[in-house]
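Remarks on the structure that follows.
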Amino acid sequence: MTFSEVKKMCEDIQYYAGHKLKPDDEYEFRKLYNRVKDEEDLDSMSLKKLQAIYDKYLKK
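With our numbering as the guide, the letters of the sequence shown map in order to residues 27 to 86.
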């Protein structure tokens with residue numbers, strides 16, 4: 027997954043599902059989102075967590 031795809035995924039979660047996140051998911055998302063904003067690369071575990079949050083809140 028490219029950096030632009032990860033950034034877009036984070037922005038979508040922030041915009042469309044930011045108010046719906048459960049506390050645990052919000053904490054994980056905030057950590058990941060800050061790493062993306064700082065332009066750090068995410069490891070495979072972080073990408074899986076981000077994908078899980080995306081699937082849980084934005085996939086129908």
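Just so you know, even glycine gets a beta-carbon here, dropped at the ideal spot from N, CA and C.
The structure presented is a predicted model; accordingly, all values stated were derived computationally and were not measured.
| Check | Outcome |
| --- | --- |
| Looking only at its chain, what residues have a beta carbon closer than 7 Å to the beta carbon of lysine 33, apart from the 5 residues adjacent to it on each side? | Val62 |
| Which whole-angstrom value describes the C-beta separation of leucine 58 and serine 70, a residue pair presumed to lie in contact below a C-beta threshold of 8 Å? | Between serine 70 and leucine 58 the Cβ distance is about 13 Å, and since that is not below 8 Å, they are no contact. |
| Rounding to the nearest angstrom, what Cα-Cα distance links tyrosine 42 and leucine 84 in this structure? | 8 Å |
| Please report the residue range of the alpha helix (DSSP H) in which lysine 48 lies. | First-last for lysine 48: undefined, no H or E at that position. |
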